[in-house]
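Engineer:
Here you go:
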């Protein structure tokens, strides 16, 4: 063999050994075990931190709420859909708390009306429904079906009840303004319910010094839904100058006070 | 008259059959599970394997204990092949999946990095199709602005990495940093990726992005750290209407299998032959 070929072969051999050595040190050990990738990477990805614990973990401690929810329309909704990630809470319940959504925004993500939502999914127009009250004032998020007792007046006066439910007076009992509702129920044809006769009646809540509606014996009448209709929140007017020649209901519609005549 | 062979459903409707999915005819998951190859020798061998079990139970070791010991075995990726079903009729576009995904996987909170997102399709009566996804729908959708009288059809489509069985992103990676794992999940090796963005270009579904801090490609992992622990992916966990069904794409009698068998299933861009494992039902032809 000529010496120049020998030198060339030696050069090749050195290059080949160098390549094998370099490969040995540069290519990770686990590369190519299962395919053209680093097998250890799978374990590293699988070891990432958990943030959501899953509803089964929540139910281990909060079995009462889970039971209520399971029987309601929110049964398919996971706890963490509304309360956010709860893994840290499940590890240390005293130190880490989950968020409790309030107000109207979070419920609206699912329940605000949008044409693209499937027909039949319960949706509301946020401008017309519930008059800016937090959803939780009327609906229990763990059992969203309305649990407020329906007044029996609604059985006959459905359209009034429906109008009433849209406005700020929706928390009031029918009997707050209409007095003898119960006797009217017994004999609706002959006994008509009372109606407010003077401006003083509305002034019980809407005058500047109002303290709330009282019945004939002077006892305060509590609203049906306290959180929705409170006398402290009622808009106030100076009864001496505000529309003094008229009765209130000549301009305002008591079943939907926001409506314009 | 000779009997015509029955064509698979996908062939009748002109779609590409999924390679290696449960839809291929002749696949029998039951025999696979029982592990009897069929010959008498194999059967006798497996009987021999059973002998110590029978002996132990005779000694008073409860069978339940053996079952429990088997369940505690380590996660075996070869036993799984993951996929996801998406029921577009159920999606309400609330965007909880998008938020949960960002929380669980520390996805940057910018409005253009998403591992999953929801698109709104609005088709008008004059043939126009509008698709939008404001901030990936993480705060649900504002009104579309199209008057309802003009709308012909409108719906939401959740999008996610399709975890293709033939992933083009894996094919183009020059260093082997992205790969299809043995359980059928397309993953990215963060410490090996050189951030060349080639895979981002190659993905026909736009499911990848370059992580702004780590400077590596990032994508949906089906929440690999959750599914290997027996939990559901975060987006599936929080979906309030069960629009996402996660599970085994090859095993019979699983929720995903039932979904695939009981719905008219489409995949995205079947002509690209990527064999996606995200199965949509009753998808509109406008959805790409």
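Protein chains in written order, with the numbering used here: chain A, 1 to 261; chain B, 262 to 549. Every residue, glycine too, gets a C-beta built ideally from N, C-alpha and C.
1) Within 10 angstroms of its Cβ, does residue 244 (chain A) collect 16 or more other Cβ (buried), or is it exposed?
2) Helix, strand or coil for residue 419 (chain B)? Go by DSSP, reduced to three states.
3) Give a yes or no on whether 7 Å exceeds the smallest Cβ distance from residue 98 (chain A) to chain B.
4) Please identify the residue among A:204, A:208 and A:160 whose C-alpha is closest to the C-alpha of residue 219 (chain A).
5) In chain A, which residues lie less than 7 Å from residue 374 (chain B) when you measure between Cβ atoms?
6) Return the Cβ separation of residue 419 (chain B) and residue 355 (chain B) in integer angstroms, given the expectation that the two are a contact with Cβ distance under 8 Å.
7) I'd like to know whether the C-beta atoms of residue 55 (chain A) and residue 90 (chain A) end up nearer to each other than 7 Å.
8) Excluding five sequence neighbours on each side, which residues of the same chain lie with their C-beta closer than 7 Å to the C-beta of residue 107 (chain A)?
9) Between residue 372 (chain B) and the rest of its own chain, which residues show a CB-CB distance below 6 Å, the 5 nearest in sequence each way excluded?
10) So does the segment 463 to 475 of chain B actually touch the segment 418 to 433 of chain B, counting three or more Cβ pairs closer than 8 Å?
11) Could you tell me which whole alpha helix (DSSP H) segments of length 4 or greater appear in the segment 451 to 528 of chain B?
12) In chain order, what residues of the same chain have a beta carbon less than 7 Å from the beta carbon of residue 339 (chain B), not counting five sequence neighbours either side?
13) Report the residue from B:412, B:506, B:370 and B:455 whose alpha carbon sits nearest the alpha carbon of residue 114 (chain A).
14) Please list the segments of the beta strand (DSSP E) lying wholly inside the segment 11 to 81 of chain A, counting only runs of 3 or more residues, in order along the chain.
15) Note down, in chain order, every chain A residue with its Cβ under 9 Å from the Cβ of residue 405 (chain B).
16) Closer than 9 Å by beta-carbon distance: list the chain B residues that pair up with residue 81 (chain A), in chain order.
17) What residues from chain B crowd round residue 313 (chain A), counting only those whose CB sits closer than 7 Å?
18) Could you please give me the residues that DSSP links to residue 212 (chain A) through a beta bridge?
19) Hey, is residue 381 (chain B)'s beta-carbon within less than 7 Å of any beta-carbon in chain A?
20) Using a 10 Å radius around the Cβ and a threshold of 16 neighbouring Cβ atoms, would you call residue 366 (chain B) buried or exposed?
21) Identify the contact partners of residue 493 (chain B) in chain A, using a Cβ-Cβ distance below 8 Å as the criterion.
22) With DSSP as the reference, label residue 392 (chain B) as helix, strand or coil.
23) For the beta strand (DSSP E) containing residue 163 (chain A), list its first residue and its last residue.
24) Which residue marks the beginning of the beta strand (DSSP E) containing residue 427 (chain B), and which one marks its end?
25) Compute the distance between the beta-carbons of residue 499 (chain B) and residue 80 (chain A), then report whether it is under 7 Å.
26) Return the residue from the list A:101, A:142 and A:165 that minimises the CA-CA distance to residue 129 (chain A).
27) Can you tell which of A:185, A:209 and A:170 has the C-alpha that lies nearest to the C-alpha of residue 236 (chain A)?
28) Using DSSP with H/G/I as helix, E/B as strand and the rest coil, what is residue 151 (chain A)?
29) From which residue to which residue does the beta strand (DSSP E) around residue 380 (chain B) run?
30) Taking C-alpha atoms, which residue in B:400, B:380 and B:392 lies nearest to residue 421 (chain B)?
31) Give the residues from the segment 447 to 458 of chain B that approach chain A closer than 9 Å (Cβ to any Cβ), ordered along the chain.
Structural biologist: A quick look at the data gives this:
1) Residue 244 (chain A) sits at position 244 when you count from the first residue of the first chain. For residue 244 (chain A), the number of other beta carbons within 10 angstroms of its own is below 16, and it is reported as exposed.
2) Stepping through the second chain from its first residue, residue 419 (chain B) is reached at position 158. In the three-state scheme derived from DSSP, where H, G and I count as helix and E and B as strand, residue 419 (chain B) is classed as strand.
3) For the purposes of this step, residue 98 (chain A) is taken as residue 98 along the first chain, with counting starting at 1. With 7 Å as the cut-off, residue 98 (chain A) does not count as an interface residue toward chain B.
4) Translated into the one-based positions of the first chain, residue 219 (chain A) becomes position 219. Taking only the C-alpha atoms, the option nearest residue 219 (chain A) is A:204.
5) The sequence position of residue 374 (chain B) within the second chain is 113, counting from 1. Neighbourhood of residue 374 (chain B) in chain A, by CB distance below 7 Å: empty, with the nearest CB roughly 17 Å away.
6) Locating residue 419 (chain B) in the second chain gives position 158, where the first residue counts as 1. Locating residue 355 (chain B) in the second chain gives position 94, where the first residue counts as 1. So it is not a contact: roughly 11 Å between Cβ atoms.
7) Position 55 of the first chain, counting from 1, holds the residue named residue 55 (chain A). Position 90 of the first chain, counting from 1, holds the residue named residue 90 (chain A). Contact flag unset, no.
8) The count along the first chain starts at 1 and reaches residue 107 (chain A) at position 107. Short of 7 Å from the beta carbon of residue 107 (chain A), and not among the five residues preceding or following it, lie these beta carbons of its own chain, in chain order: 135.
9) Indexing the second chain from 1 puts residue 372 (chain B) at position 111. Spatial neighbours of residue 372 (chain B) in its own chain (CB-CB distance under 6 Å, excluding positions within 5 residues in sequence) are listed in chain order as 396.
10) Yes, since at least three Cβ pairs between the segment 463 to 475 of chain B and the segment 418 to 433 of chain B fall closer than 8 Å, the two stretches touch.
11) For the segment 451 to 528 of chain B, whole alpha helix (DSSP H) runs of length 4 or above, ordered along the chain, are 459 to 463, 485 to 488, 495 to 499 and 516 to 523.
12) Residue 339 (chain B) sits at position 78 when you count from the first residue of the second chain. 443, listed in sequence order.
13) Position 114 of the first chain, counting from 1, holds the residue named residue 114 (chain A). The shortest Cα separation from residue 114 (chain A) among B:412, B:506, B:370 and B:455 belongs to B:412.
14) Listed in chain order, the beta strand (DSSP E) runs fully inside the segment 11 to 81 of chain A amount to none, counting runs of at least 3 residues.
15) Mapped onto the second chain, residue 405 (chain B) falls at position 144. Neighbours of residue 405 (chain B) on chain A, chain order: 114, 115 and 116.
16) If you number the first chain from 1, residue 81 (chain A) lands on position 81. Those are 355, 357, 361, 498, 499, 500 and 501, listed as they occur along chain B.
17) The structure shown does not extend to residue 313 (chain A), since chain A is modelled only from 1 through 261, so no value can be given for it.
18) Counting from one through the first chain, the residue named residue 212 (chain A) turns up at place 212. In the DSSP output, where bridge partners are listed per residue, residue 212 (chain A) has none listed.
19) For the purposes of this step, residue 381 (chain B) is identified with residue 120 of the second chain, where counting begins at 1. Yes, because at least one Cβ of chain A sits closer than 7 Å to the Cβ of residue 381 (chain B).
20) The count along the second chain starts at 1 and reaches residue 366 (chain B) at position 105. In summary, residue 366 (chain B) is buried, with 16 or more beta-carbon neighbours lying within 10 Å of its beta-carbon over all protein chains present.
21) By 1-based counting over the second chain, the position of residue 493 (chain B) is 232. Ordered by position in chain A, the residues that pass the 8 Å Cβ test against residue 493 (chain B) are 54.
22) On the second chain, position 131 is the one that residue 392 (chain B) refers to. Note: residue 392 (chain B) maps to strand in three-state DSSP.
23) Position 163 of the first chain holds residue 163 (chain A). First-last for residue 163 (chain A): 158 to 166, but that is the alpha helix (DSSP H), not the beta strand (DSSP E).
24) In the second chain, counting from the first residue as 1, residue 427 (chain B) sits at position 166. Per DSSP, residue 427 (chain B) belongs to no beta strand (DSSP E) and is neither H nor E.
25) Translated into the one-based positions of the second chain, residue 499 (chain B) becomes position 238. Translated into the one-based positions of the first chain, residue 80 (chain A) becomes position 80. Residue 80 (chain A) is positioned such that its CB atom lies closer than 7 Å to that of residue 499 (chain B).
26) Here residue 129 (chain A) refers to the residue found at position 129 when the first chain is read from its first residue. Per the Cα distances, A:165.
27) Sequence index remark: in the first chain, residue 236 (chain A) carries index 236 (1-based). Among A:185, A:209 and A:170, the Cα nearest to that of residue 236 (chain A) belongs to A:209.
28) For the purposes of this step, residue 151 (chain A) is taken as the residue at position 151 of the first chain. Only weak support exists for where residue 151 (chain A) lies, its pLDDT of 49 falling under 50; the value from the coordinates is given anyway. The DSSP-derived three-state label of residue 151 (chain A) is coil.
29) Counting from 1 along the second chain, the entry for residue 380 (chain B) is found at position 119. Judged by DSSP secondary structure, residue 380 (chain B) falls within the beta strand (DSSP E) whose first and last residues are 377 to 385.
30) Here residue 421 (chain B) refers to the residue found at position 160 when the second chain is read from its first residue. Nearest C-alpha to residue 421 (chain B): B:380.
31) The residues in question are 448, 449, 450, 451, 452 and 453.
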